[in-house]
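2 protein chains.
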Amino acid sequence: MTDVLERTVTQQPTMRGVIDKIFRQMFENTCQALEVMDGKKLREQSWNRDQKGIWTVGKSSEDAIYIDRALHDGNVFEKMGANYVAIEGELPSGMSFQQSGALATGAADQMITTRGNRFFATGSSFVIHPHNPMAPTAHVNYRYFQISNGNQPIYWWLGGGADLTPAYLFAEDAIHFHQVHKEVCDKYDSSYYPRFKKWCDEYFHIPHRAESRGIGGIFFDHLNNGNPQKLLSFVTNCADAFIPAYLPIVERRKDMPFTEANKNWQHLVRGRYVEFILSCDRGIRFGLASGMVKQQSVFNCMPPAASWEYDDQPVPGSKEAMLKEVLKNPRDWL
Amino acid sequence: MTDVLERTVTQQPTMRGVIDKIFRQMFENTCQALEVMDGKKLREQSWNRDQKGIWTVGKSSEDAIYIDRALHDGNVFEKMGANYVAIEGELPSGMSFQQSGALATGAADQMITTRGNRFFATGSSFVIHPHNPMAPTAHVNYRYFQISNGNQPIYWWLGGGADLTPAYLFAEDAIHFHQVHKEVCDKYDSSYYPRFKKWCDEYFHIPHRAESRGIGGIFFDHLNNGNPQKLLSFVTNCADAFIPAYLPIVERRKDMPFTEANKNWQHLVRGRYVEFILSCDRGIRFGLASGMVKQQSVFNCMPPAASWEYDDQPVPGSKEAMLKEVLKNPRDWL
Chain A
36 MTDVLERTVT QQPTMRGVID KIFRQMFENT CQALEVMDGK KLREQSWNRD QKGIWTVGKS
96 SEDAIYIDRA LHDGNVFEKM GANYVAIEGE LPSGMSFQQS GALATGAADQ MITTRGNRFF
156 ATGSSFVIHP HNPMAPTAHV NYRYFQISNG NQPIYWWLGG GADLTPAYLF AEDAIHFHQV
216 HKEVCDKYDS SYYPRFKKWC DEYFHIPHRA ESRGIGGIFF DHLNNGNPQK LLSFVTNCAD
276 AFIPAYLPIV ERRKDMPFTE ANKNWQHLVR GRYVEFILSC DRGIRFGLAS GMVKQQSVFN
336 CMPPAASWEY DDQPVPGSKE AMLKEVLKNP RDWL
Chain B
36 MTDVLERTVT QQPTMRGVID KIFRQMFENT CQALEVMDGK KLREQSWNRD QKGIWTVGKS
96 SEDAIYIDRA LHDGNVFEKM GANYVAIEGE LPSGMSFQQS GALATGAADQ MITTRGNRFF
156 ATGSSFVIHP HNPMAPTAHV NYRYFQISNG NQPIYWWLGG GADLTPAYLF AEDAIHFHQV
216 HKEVCDKYDS SYYPRFKKWC DEYFHIPHRA ESRGIGGIFF DHLNNGNPQK LLSFVTNCAD
276 AFIPAYLPIV ERRKDMPFTE ANKNWQHLVR GRYVEFILSC DRGIRFGLAS GMVKQQSVFN
336 CMPPAASWEY DDQPVPGSKE AMLKEVLKNP RDWL
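Protein chains in written order, with this note's numbering: chain A, 36 to 369; chain B, 36 to 369.
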């Protein structure tokens, strides 16, 4: 990890190679750990996008690697979507990059409008929906974005996070997940965990329901104030923390007994998950609108099944009502 | 129907009474026909909204009637949502009305900003999801909107339509549904059906999938160029046409044999329905953002269950692929 990003942001030619390797490794490690737990392999589809923006299945080009992996009806996981992307290219004309959230508020306009500026973006994301309604859905995503002028990187940031969406709340699971992430944060900056925990609660919020999507985790975006190699090391450690944060929870919930009513409730919670993805998530909306990511890849995060009922408020005092209470009022777990 | 709207647009005091009665009657007639077919009654919940915008269950106030009716797991229908609303009030300040689509493009700004201007809006909507995957989901909605200054109505329009979303395509069903609506249109204006059929195809379109939500029907908005009583009569006839357009189709499909695979495909089609509602439908997005309609009412249209699979393209030559072909290339049914 030593001086990796420092080299990349000063020596353009090494950039693809170095950052790619780190992000790709994070992706492969996470895939492997999830496959080991499930016992079933992820199916892979890789994409290619030509100059006209037409997508074809097959080998990635020099400028772009798109890999989707999916698991349907595994032993532990009902559905899982894993995406990896690394794209390099000329900045598109027009406002789409600004609107996309690819640039932090206040990032100078000339980055976009200067002819010949190129961008590089890479990231991986996982959304994991277990069969057992006692085991939470998890989401994790880390990404890097850069604009360069000639060989000179002039703008970059790191972003991402991980969060849980349980259908049934086990406080010990929430504490464990937050604790593992807090430990990584604290190694770098004691302000990180409280800031990124709050950011997560604010981002994964469904305004029309006045409730959170889940019980949070950490989330940050446009992180670039600090030593670049330290920040890259932080993000790598966050990504590595996901497996020890999540799999022990799945391990203790995956074989718990459950009823049809529990499964129905999980489907209602997944309905809210769908609402968040389709009507709140800025990343998803950009992904669909930009045409830079195939819709099939964007929708790799969707739950296997979701349902809606009129007036689906749970019985007061029930376990379902306890979850709802926490979704309405995000809790400090630590 | 004689001179109803003419009176209402010249005599403010009678407005609520007359238009209310017509729209409420359309709502009750449709509810009744659907209940008769299903054999199970719709559950009703009515709402009240106080000056502070707080919602309570119970009797409607003088200024607002909100009625939600819902059916879950009926004999024929898996889920059905029916909403009726009639609201009168002062125009809200700010731009929300313009953004909502309540005003046609080009409608003068002073309608909104003039102090003391009042609006009146009424409408009913139904979304009906049958159990049997051979029977299509149907949506129907008609509405009236008016702005008045003192006793003087200064702006009004009528809007609405009806459309079908089958999981399996039966050309005779599509032809019947379009034919019944065309006959109503043709009685008023020979340009209506071709215009409103096209408008429907354009509105119920999912850009990120590059496919239609279903096989269309009719749709129109901000209709106000013409004799008001003739237009009100047209909309009333459209609303009355829904039952004879839809129920014969359900009648011949509701007891057809189907497999688990057919049901799974219906769930995938319903996933697209959810995508349309949450990320494309302007009315829904306004409903959620405005706070003028309870989210529970807005979501009364959701399917009972929807699902998502990675790379869900049907087998070439299959019945599922035939539907997809029509969703990609809307057909002229008549």
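C-beta atoms are modelled at their ideal positions from N, C-alpha and C, and glycine is treated no differently.
Item, Value
"Do you know how far the Cα of D221 of chain A is from the Cα of N380 of chain A?", "The structure shown does not extend to residue 380 of chain A, since chain A spans only 36 to 369, so no value can be given for it."
"What does the Cβ neighbour count give for D290 of chain A, buried or exposed, with the cut at 16 atoms within 10 Å?", "exposed"
"Any beta carbon from chain B within less than 8 Å of P168 of chain A's own beta carbon?", "no"
"With a threshold of 16 other CB atoms inside 10 Å of the CB of Q214 of chain A, please say whether the residue is buried or exposed.", "exposed"
"DSSP three-state label for M169 of chain A, please.", "coil"
"Under a CB-based cut-off of 8 Å, is M337 of chain B close to chain A?", "yes"
"Against H107 of chain A, what residues of chain B qualify as contacts under a CB-to-CB distance less than 9 Å, listed in chain order?", "E344 and Y345"
"Looking at the structure shown, is Y345 of chain A part of a helix, part of a strand, or coil, going by DSSP?", "coil"
"Check the DSSP bridge columns for N297 of chain B and list the partner residues they point to.", "DSSP output for N297 of chain B lists no bridge partner at all."
"Just reading off the beta strand (DSSP E) that V92 of chain A is part of, what are its end residues?", "W90 to V92"
"Anything in the region 299 to 314 of chain A with a Cβ closer than 9 Å to a Cβ of chain B? List those residues in chain order, please.", "H302, G306, V309, E310, I312, L313 and S314"
"If you measure between the beta carbons of P168 of chain A and A202 of chain A, is that distance less than 8 Å?", "yes"
"Closer than 8 Å by beta-carbon distance: list the chain A residues that pair up with G116 of chain B, in chain order.", "Y345"
"Flag G352 of chain B as yes if its beta-carbon sits less than 8 Å from any beta-carbon of chain A, otherwise no.", "no"
"Secondary structure at R366 of chain A, three-state DSSP: helix, strand or coil?", "coil"
"Using a Cβ-Cβ cut-off of 7 Å (strictly less than) and excluding sequence neighbours within five positions of P283 of chain B, which residues of its own chain qualify?", "H211"
"Keeping to the same chain, check which residues put their C-beta closer than 6 Å to that of D55 of chain B; ignore five residues upstream and five downstream.", "A121"
"From V304 of chain A to A340 of chain B, what does the alpha carbon distance come to, in whole angstroms?", "12 Å"
"Helix, strand or coil: how does DSSP classify E111 of chain A here?", "For the record, residue 111 of chain A in the displayed sequence is Val; it is not Glu. The answer is coil: DSSP assigns V111 of chain A none of H, G, I, E or B."
"Give every residue of the same chain whose Cβ lies closer than 8 Å to the Cβ of P165 of chain B, excluding the five residues on either side of it in the sequence, and list them in chain order.", "V111, F112, E113, P171, T172, V285, R288 and K289"
"Spell out whether any CB of chain B is found under 8 Å from the CB atom of D103 of chain A.", "yes"
"For chain B, check one thing: does any of its Cβ atoms lie closer than 8 Å to the Cβ of F293 of chain A?", "no"
"So that I know if they touch, is there some Cβ in chain A lying closer than 8 Å to that of H243 of chain B?", "yes"
"Tell me the residue span of the beta strand (DSSP E) that contains N83 of chain B.", "R78 to R84"
"With 16 other CB atoms within 10 Å as the buried threshold, where does D367 of chain A fall?", "exposed"
"Taking Cβ to Cβ, would you say G194 of chain A is nearer than 8 Å to F255 of chain A?", "yes"
"Whole angstroms is fine: what's the gap from A156 of chain A's alpha carbon to W234 of chain B's?", "39 Å"
"F205 of chain B touches chain A at which residues, Cβ-Cβ below 8 Å?", "Here the premise fails: no neighbours, minimum Cβ distance about 26 Å."
"Who pairs with V175 of chain A in a beta bridge, going by DSSP?", "A:F161 and A:A197"
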